[in-house]
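K.L.:
Pasting a structure here, questions to come.
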């Protein structure tokens with residue numbers, strides 16, 4: 166069953182972009198595999214910018230999305246010199262533009278997850294490729 170880690174109080178769920186499918190900038194349509202929520206681990210995800218209307222980067226984590234993106238949100242708040250964080254605190258952006266989309270929940274090894282991350286990076290040409 167999907168849902169928030171702590172219901173309405175979850176710090177991450179408000180940033181989760183839920184979709185059955187999405188389209189990339191070229192118009193190609195992709196299905197989201199498995200139901201990914203803040204509790205999900207062993208996941209490939211995309212960080213989306215609402216302001217740019219583009220995916221900023223694709224990443225992976227063996228831990229939970231909650232743990233991974235709590236760190237991203239902290240880095241945005243503290244204006245850490247991290248490429249993802251910098252995207253959301255410069256050029257008129259804000260934390261309100263930050264969104265997370267789970268692309269695929271996996272059951273394989275770390276190596277498999279990293280391979281799938283590379284595959285998604287090649288499929289989704291991110292807004293700022295140098296972040297990946």
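In the working numbering, the protein residues as written are 166 to 297. Just so it is clear, CB atoms sit at the ideal spot from N, CA and C, and this is done for glycine as well.
Out of 257, 239 and 207, point me to the one whose CA is closest to residue 224's CA.
P.N.:
The candidate whose alpha carbon is nearest that of residue 224 is 207.
K.L.:
For residue 243, count the other beta carbons within 10 Å of its own beta carbon; 16 or more makes it buried, fewer makes it exposed. Which is it?
P.N.:
The residue in question, residue 243, is exposed, as its Cβ has fewer than 16 Cβ neighbours within 10 Å.
K.L.:
If you run the structure through DSSP and keep just helix, strand and coil, what is residue 176?
P.N.:
In the structure shown, residue 176 sits in coil (DSSP, three-state: anything other than H, G, I, E or B).
K.L.:
Can you give the beta carbon distance from residue 176 to residue 236, rounded, assuming they're within the 8 Å contact cut?
P.N.:
So it is not a contact: roughly 11 Å between Cβ atoms.
K.L.:
Could you tell me if residue 210 is buried or exposed, where buried requires 16 or more neighbouring beta carbons within 10 angstroms of its beta carbon?
P.N.:
The residue in question, residue 210, is buried, as its Cβ has 16 or more Cβ neighbours within 10 Å.
K.L.:
Going by C-alpha to C-alpha distance, which of 251, 290, 264 and 226 sits closest to residue 278?
P.N.:
The shortest Cα separation from residue 278 among 251, 290, 264 and 226 belongs to 226.
K.L.:
Residues in the same chain with beta-carbon distance under 7 Å from residue 282, minus the five sequence neighbours each way, listed in chain order, please.
P.N.:
Closer than 7 Å at Cβ, skipping near neighbours: 209, 223, 224 and 225.
K.L.:
Please state whether DSSP places residue 243 in a helix, a strand or coil.
P.N.:
Note: residue 243 maps to coil in three-state DSSP.
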